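Student:
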Amino acid sequence: MNTEAMPLAARQAPKKLEDFAGQPHLLGPGKMLRRLLEADMIKSAVFFGPPGCGKTATARYIASRTQAYTVELNAAAAGVADLKKVLAEAKERAVTPSFDQRRTLVILDEIHHFNKTQQDVLLPSVERGDIILIGITTENPYFYINNALLSRFSVFEFKPLGDKDLLKILTRAAENENAKIDKDAAEFFITQANGDSRKMLNAAELAFVTTAPDKKGKKHITLEIAQECIQKRHLRYDKKGDEHYDIISAFIKSMRGSDPDAAVYWLARMLESGEDPRFIARRILICACEDVGLAEPYAVMIAQAAFAAAEELGMPEVRIPLAHAAIYVACCPKSNSAYLAVDKALAEVREGRYRPVPDHLRSGGKNRGYKYAHDFKNHYVKQLYMPDPVKFFEPGTLGREAALIQKLKELKGE
117 MNTEAMPLAA
127 RQAPKKLEDF
137 AGQPHLLGPG
147 KMLRRLLEAD
157 MIKSAVFFGP
167 PGCGKTATAR
177 YIASRTQAYT
187 VELNAAAAGV
197 ADLKKVLAEA
207 KERAVTPSFD
217 QRRTLVILDE
227 IHHFNKTQQD
237 VLLPSVERGD
247 IILIGITTEN
257 PYFYINNALL
267 SRFSVFEFKP
277 LGDKDLLKIL
287 TRAAENENAK
297 IDKDAAEFFI
307 TQANGDSRKM
317 LNAAELAFVT
327 TAPDKKGKKH
337 ITLEIAQECI
347 QKRHLRYDKK
357 GDEHYDIISA
367 FIKSMRGSDP
377 DAAVYWLARM
387 LESGEDPRFI
397 ARRILICACE
407 DVGLAEPYAV
417 MIAQAAFAAA
427 EELGMPEVRI
437 PLAHAAIYVA
447 CCPKSNSAYL
457 AVDKALAEVR
467 EGRYRPVPDH
477 LRSGGKNRGY
487 KYAHDFKNHY
497 VKQLYMPDPV
507 KFFEPGTLGR
517 EAALIQKLKE
527 LKGE
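So for the sequence shown, the working numbering puts the first residue at 117; every next one is plus one.
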């Protein structure tokens, strides 16, 4: 293969363990995956993690070191017929002396695209050891790979690359391309890559091939050149994937934790990635009810108004009412007393004793001794409203809830 025609990211693939950047929990000295690589004892495994963190590079490094015959497939393109052909050849290779009875290493990229039937086709070959299967995925394998196949895998989670890891990769690429990258340009490449080394190297390659060398043959990459190579930052976000749930979780927990800056940051991440504003508005409304609650009842009204705005407005205008509501909810005092009270009451209804409605509370109850509260001082009268009373509501001590409870106590003369 003509390596000059290969993308820079492929040309920069590590040739030895020392070239790897990041993943010290997997590839550091003494770690399990490194020990397996050094001993050429790799077993069927799944590598999962975000794009550009070294999953495919590690799998191909294994292929370069192992004595096994290697086949690469992409699950998004390969069908059952392709799969069965590869498995049949692997089985023959394993038992045929002319093939030195070699095992077959199958690198299956985007394994999460295989449905249950396709995954079931793999199972016998993995179980018999006809193939060593390395599945690569950006998704959580515990959600996308069936349990029978997963139980025969070692699962290795790859983490996003940090700035130091990306700088190591970028520096090596610049040396190989006889280029000098200014510090601010390198920082821009790294920041915009968002932990994805492939994206960073693709942008750097564009800079390298479009920059003329100086008299000494060296290419000088400035911040201006770097900015031209990345017009818009790529945000890793899949509306059906882990990142989607992780970011909405961070958004809600930031509002609950009273951090308006973090809340508006995660809001911006979702909006910039194309998330449905109505989905965000629903989560703000839930947080206002569940986490702010009686401490500031106006939060529900503001969240409801933001939801109505999300129904009517699109981007970019909708960002304003959503930010208004998210920041307000984050800044409010918090109480989950209503949430806890209704859950306790529901548990009592489902599991507790049956309670009939007292006679004086039934329809037409005034004839059975019901006392009409408005006929009494302060519009309050003490009477039985629930047989065998149970306390469900434990009031909070913050915001309007504290004042509300104090007024209730004064009303009852407590």
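All C-beta atoms in this analysis are idealised placements derived from N, C-alpha and C, irrespective of residue type, glycine included. Please read all numbers here as calculations on a predicted model, not as lab measurements.
Verify whether the separation of the beta carbon atoms of G529 and P449 is less than 7 Å.
Tutor: Translated into positions along the sequence shown, residue 529 becomes position 413. Translated into positions along the sequence shown, residue 449 becomes position 333. The answer is no: Cβ separation not under 7 Å.
Student: If you draw a straight line from the alpha carbon of K487 to that of A411, how long is it in whole angstroms?
Tutor: The count along the sequence shown starts at 1 and reaches residue 487 at position 371. The count along the sequence shown starts at 1 and reaches residue 411 at position 295. The alpha-carbon separation between K487 and A411 amounts to approximately 31 Å.
Student: In terms of DSSP beta bridges, what is E188 paired with?
Tutor: Taking the sequence shown and counting its residues from 1, the one referred to as residue 188 is at position 72. Answer is I223.
Student: With DSSP collapsed to three states, give me the class of S180.
Tutor: For the purposes of this step, residue 180 is identified with residue 64 of the sequence shown, where counting begins at 1. Here S180 sits in helix by DSSP.
Student: Consult DSSP for T174 and reduce its assignment to one of helix, strand or coil.
Tutor: Residue 174 sits at position 58 when you count from the first residue of the sequence shown. Helix at T174.
Student: By Cβ distance, which residues of its chain are closer than 7 Å to P376, with the 5 residues on each side in sequence left out?
Tutor: Numbered from its first residue, the sequence shown carries residue 376 at position 260. Within the same chain, Cβ atoms closer than 7 Å to the Cβ of P376 are found at I443, A446, C447, the five residues on either side in sequence being excluded.
Student: Hey, how far is the Cα of G173 from the Cα of I400?
Tutor: Within the sequence shown, residue 173 is the residue found at index 57, counting from 1. Within the sequence shown, residue 400 is the residue found at index 284, counting from 1. The identity of residue 173 in the sequence shown is Ala, whereas the question assumes Gly. The straight-line gap from Cα to Cα measures roughly 41 Å.
Student: Between the Cα of I534 and those of V187, M417, I363, P393, spot the shortest distance and give me the residue it belongs to.
Tutor: Outside the displayed range of the chain (117 to 530) lies residue 534, so it cannot be described from this structure.
Student: Using the Cα positions of R268 and V434, report the straight-line distance between them to the nearest angstrom.
Tutor: Indexing the sequence shown from 1 puts residue 268 at position 152. Indexing the sequence shown from 1 puts residue 434 at position 318. So the alpha carbons of these two residues sit roughly 48 Å apart.
Student: State the beta-bridge partners of S374 as determined by DSSP.
Tutor: Residue 374 sits at position 258 when you count from the first residue of the sequence shown. According to DSSP, which records beta bridges pairwise, S374 is partnered with nothing at all.
Student: Assuming A175 contacts F163 (C-beta within less than 8 Å), just tell me the rounded distance between them.
Tutor: On the sequence shown, residue 175 is found 59 positions in, with the first residue counted as 1. On the sequence shown, residue 163 is found 47 positions in, with the first residue counted as 1. So it is a contact: roughly 6 Å between Cβ atoms.
Student: Is T307 helix, strand or coil when you go by DSSP?
Tutor: Taking the sequence shown and counting its residues from 1, the one referred to as residue 307 is at position 191. Here T307 sits in helix by DSSP.
Student: Indicate whether D246 and K207 have their beta-carbon atoms separated by less than 7 Å.
Tutor: For the purposes of this step, residue 246 is taken as residue 130 along the sequence shown, with counting starting at 1. For the purposes of this step, residue 207 is taken as residue 91 along the sequence shown, with counting starting at 1. Yes. Within cutoff.
Student: If we require 3 or more residues per run, which beta strand (DSSP E) segments fall completely within the region 274-335?
Tutor: Listed in chain order, the complete beta strand (DSSP E) runs (minimum 3 residues) inside the region 274-335 are 295-297.
Student: If you pair each beta-carbon of the region 296-306 with each one of the region 247-261, do three or more pairs fall below 8 Å?
Tutor: no
Student: Considering Cα atoms alone, identify which of L203, I337, F367 is closest to T287.
Tutor: Counting from one through the sequence shown, the residue named residue 287 turns up at place 171. Among L203, I337, F367, the Cα nearest to that of T287 belongs to I337.
Student: Would you mind sorting T513 into buried or exposed? The rule is 16 or more other CB atoms within 10 Å of its CB.
Tutor: One-based indexing of the sequence shown puts residue 513 at position 397. When all chains shown are included, T513 counts as exposed.
Student: Measure from the alpha carbon of L456 to the alpha carbon of each residue in F492, T233, E510, E428, then state which is nearest.
Tutor: The residue labelled residue 456 in the question sits at position 340 within the sequence shown. The residue with the shortest Cα to Cα distance from L456 is E510.
Student: Going by DSSP, what residues sit across from S253 in a beta bridge?
Tutor: What you label residue 253 is simply residue 137 of the sequence shown in a count that begins at 1. A small correction: the amino acid at residue 253 is Thr; Ser does not occupy that position in the sequence shown. Per DSSP, F164.
Student: Quick one: residues in its chain with C-beta nearer than 6 Å to the C-beta of V222, no 5 flanking neighbours on either side, listed in chain order?
Tutor: Mapped onto the sequence shown, residue 222 falls at position 106. Cβ within range, chain order: V187, I247, L249.
Student: Using the Cβ count rule (16 or more neighbours within 10 Å means buried), how would you classify Q522?
Tutor: The sequence position of residue 522 within the sequence shown is 406, counting from 1. Burial call: exposed.
Student: Buried or exposed: where does Q499 fall if 16 or more other Cβ atoms within 10 Å of its Cβ makes it buried?
Tutor: Start at 1 with the first residue of the sequence shown, and residue 499 comes out as number 383. A residue is called buried once 16 or more other Cβ atoms fall within 10 Å of its Cβ, and Q499, having fewer, is exposed.
Student: I need the DSSP call for I341, collapsed to helix, strand or coil.
Tutor: Position 225 of the sequence shown, counted from the first residue, corresponds to residue 341. Looking at I341 - three-state DSSP - the assignment turns out to be helix.
Student: Looking only at DSSP bridge pairs, what is V271 linked to?
Tutor: On the sequence shown, residue 271 is found 155 positions in, with the first residue counted as 1. Paired residues: V162.
Student: Evaluate P393 with the Cβ neighbour count: other Cβ atoms within 10 Å of its Cβ, from every protein chain shown; 16 or more gives buried, anything less gives exposed.
Tutor: Looking up residue 393 in the sequence shown gives position 277. By the C-beta density criterion, P393 is buried, having at least 16 other C-beta atoms within 10 angstroms.
Student: Could you give the C-beta distance for K284 and Q139, rounded to a whole number, given that I count them as a contact under 8 Å?
Tutor: Along the sequence shown, read from residue 1 onward, the residue named residue 284 stands at position 168. Along the sequence shown, read from residue 1 onward, the residue named residue 139 stands at position 23. Wrong, their Cβ atoms sit about 12 Å apart, outside the cutoff.
Student: For I227, which residues of its own chain have a beta-carbon under 6 Å away from its beta-carbon, when the five flanking residues on both sides are left out?
Tutor: Within the sequence shown, numbered from 1, the residue matching residue 227 stands at position 111. Within the same chain, I227 has close Cβ partners A191, G251, T253.
Student: If we call anything under 7 Å between Cβ atoms a contact, is Y496 one with L527?
Tutor: If you number the sequence shown from 1, residue 496 lands on position 380. If you number the sequence shown from 1, residue 527 lands on position 411. Yes. Within cutoff.
Student: Drop a sphere of 10 angstroms on the beta-carbon of A328, count the other beta-carbons inside from all chains shown, and report buried for 16 or more, exposed for fewer.
Tutor: Counting from 1 along the sequence shown, the entry for residue 328 is found at position 212. With fewer than 16 other Cβ atoms within 10 Å, it is exposed.
Student: Using CA atoms only, rank isn't needed, just tell me which of A126, G195, E406 is closest to N231.
Tutor: Counted from its first residue, the sequence shown places residue 231 at position 115. Nearest option by C-alpha distance: G195.
Student: How close, in whole Å, do the beta carbons of Q235 and L265 come, if the pair is a contact with beta carbons under 8 Å?
Tutor: Stepping through the sequence shown from its first residue, residue 235 is reached at position 119. Stepping through the sequence shown from its first residue, residue 265 is reached at position 149. Yes, they are in contact, since the Cβ atoms of Q235 and L265 sit about 5 Å apart, within 8 Å.
Student: Considering only the alpha carbon of each residue, which of K171, N494, T307 lies closest to D225?
Tutor: Translated into the one-based positions of the sequence shown, residue 225 becomes position 109. Measuring from the Cα of D225, the nearest candidate turns out to be K171.
Student: Note down, one range per segment and in chain order, each alpha helix (DSSP H) of at least 4 residues found wholly within the region 431-474.
Tutor: 435-447, 453-467
Student: Quick one: grab the DSSP three-state call for M117.
Tutor: In the sequence shown, the residue the question calls residue 117 occupies position 1. At M117 the pLDDT is 48, less than 50, meaning the model places this residue with poor confidence and gives no usable figure here.
Student: Which partner residues does I248 have in the DSSP bridge list?
Tutor: On the sequence shown, position 132 is the one that residue 248 refers to. Answer by DSSP bridge pairing, in chain order: L221.
Student: Taking all protein chains shown into account, do 16 or more other C-beta atoms lie within 10 angstroms of the C-beta of L282, making it buried, or fewer, making it exposed?
Tutor: On the sequence shown, position 166 is the one that residue 282 refers to. The C-beta of L282 has 16 or more other C-beta atoms within 10 Å across all chains shown, which makes the residue buried.
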